[in-house]
Each structure stands twice: as structure tokens, then as C-alpha cells.
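Numbering of the sequence shown is given in this note's numbering, commencing with residue 18 and proceeding in unit increments.
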Amino acid sequence: MMAKRRQIPSSFWRKMRAFSGRLISLLERGKGPKRLVLLLTTTGRKSGLPRQTPLQYEEHLGILYVASARGQQADWFKNLVVNPQVHVRIGGQIVAALAEPICDPARIADFLEVRLRRHPVMMRLIMFAEGLPFRYSRADLEKFARDKAIAALHPCDQ
18 MMAKRRQIPS SFWRKMRAFS GRLISLLERG KGPKRLVLLL TTTGRKSGLP
68 RQTPLQYEEH LGILYVASAR GQQADWFKNL VVNPQVHVRI GGQIVAALAE
118 PICDPARIAD FLEVRLRRHP VMMRLIMFAE GLPFRYSRAD LEKFARDKAI
168 AALHPCDQ
């Protein structure tokens with residue numbers, strides 16, 4: 018049985034935005050945690066301007082996956098729904114990609130299982146902080162995934 022979902026305070030998101038600016042600066046220079054974090058550039062759905070967001074990623078079978086802690090409410094996710102053509106920077110390499118928004122809880126649970134295998138401590142702590150018990154079932158994982166969103170970034174042939 019899942020514990021009650023914890024609400025993340027708005028002050029947390031303000032601090033994350035400030036931290037993101039510093040991380041973007043590092044990633045633009047090819048520095049920072051390249052094995053964990055990529056720099057996603059989307060086109061603003063209202064402004065049409067480039068918008069950059071640092072995101073943890075997983076590469077699986079040649080496809081990059083990124084997850085939204087805010088589900089479909091994250092601005093970067095809303096942007097790629099409107100315009101799925103994005104750019105991805107990992108280290109000094111920039112590639113064009115086509116973003117596939119994924120909101121299906123079963124597919125998100127599959128992604129979470131990959132992340133749990135690769136990063137068990139970090140992922141269990143994150144999910145516990147959001148209300149998932151340390152011992153969970155596949156049904157718990159799918160329930161947890163209901164308000165999450167991920168994107169598959171398919172590299173474009175160049």
C-alpha cells in the first residue's frame with residue numbers, strides 16, 4: 018500500500034530554478050556531471066525562444082530518456098509536446114532529437130525499473146520522499162507513475 022503522497026513546497030522549485038541556472042552555465046561549457054545530466058533545449062511554446070533545462074537522463078537501447086518530477090506540468094515538457102524537435106547537449110556534443118512525450122503509467126513504471134536497477138539508493142530515496150514505500154509492488158510503481166511524465170529523445174539521423 019502506498020503512503021500518502023507528499024506535496025513538494027513551492028520554495029523547493031524556486032531553489033531548483035536558481036540551481037539550474039548555475040548548472041546550465043557549467044553544462045554549456047562542457048563541464049559538470051556529464052554522465053548523469055544533459056542539457057535539453059526546447060522551443061518555448063509561447064515565446065518561440067530556445068529554453069534550456071538540465072535533466073538527469075538514462076540511455077537505453079540508443080534512446081535517451083528524461084523524467085519530469087512535475088509530470089506534465091513542467092514547462093520543458095509542455096514545450097516539447099508543442100514542438101518535439103529538441104537539441105541535447107552531453108558534454109561537448111550537441112545532437113538534434115525528436116522528443117516522444119510519454120504519460121502511460123506502465124511505460125513510466127518500466128523506465129523507473131531501469132533507473133532502480135542502475136541507481137537503487139538514489140531512486141528509492143526519491144520515491145520514498147514522494148510517498149512510495151521501500152517495499153513496493155509493480156501496481157504501486159504504476160500508481161506512483163500516474164502523475165509523472167517522461168520523454169524519449171530519439172536522435173535524428175545527421
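The beta-carbon is built from N, C-alpha and C at its ideal position, and this holds for glycine as well.
* Closest Cα partner of valine 105 within the set Glu147, Pro122, Glu75 -> Cα-wise, what sits closest to valine 105 is Glu75.
* To do: Assign valine 103 to one of two classes, buried (16 or more other C-beta atoms within 10 Å of its C-beta) or exposed (fewer than that).
  => Around the beta carbon of valine 103, 16 or more other beta carbons sit within 10 angstroms, so the residue counts as buried.
* Buried or exposed by the 16-neighbour rule on C-beta atoms within 10 Å, applied to valine 131 -> Exposed is the call here.
* Give every residue of the same chain whose Cβ lies closer than 6 Å to the Cβ of leucine 133, excluding the five residues on either side of it in the sequence, and list them in chain order. => Excluding its 5 nearest sequence neighbours in each direction, leucine 133 has C-beta neighbours in its own chain below 6 Å: Met140, listed in chain order.
* To do: Whole angstroms is fine: what's the gap from alanine 123's alpha carbon to leucine 158's?
  => Between the alpha carbons of alanine 123 and leucine 158 lies a distance of about 9 Å.
* Taking C-alpha atoms, which residue in Val98, His77, Gln110, Ile111 lies nearest to proline 118? -> If we check each option's Cα against that of proline 118, Val98 comes out closest.
* Measuring CB to CB, does alanine 114 end up less than 7 Å from histidine 171? -> In this structure, alanine 114 places its C-beta atom within 7 Å of the C-beta atom of histidine 171.
* **Per DSSP, the bridge partner or partners of histidine 136** => None; histidine 136 has no bridge partner.
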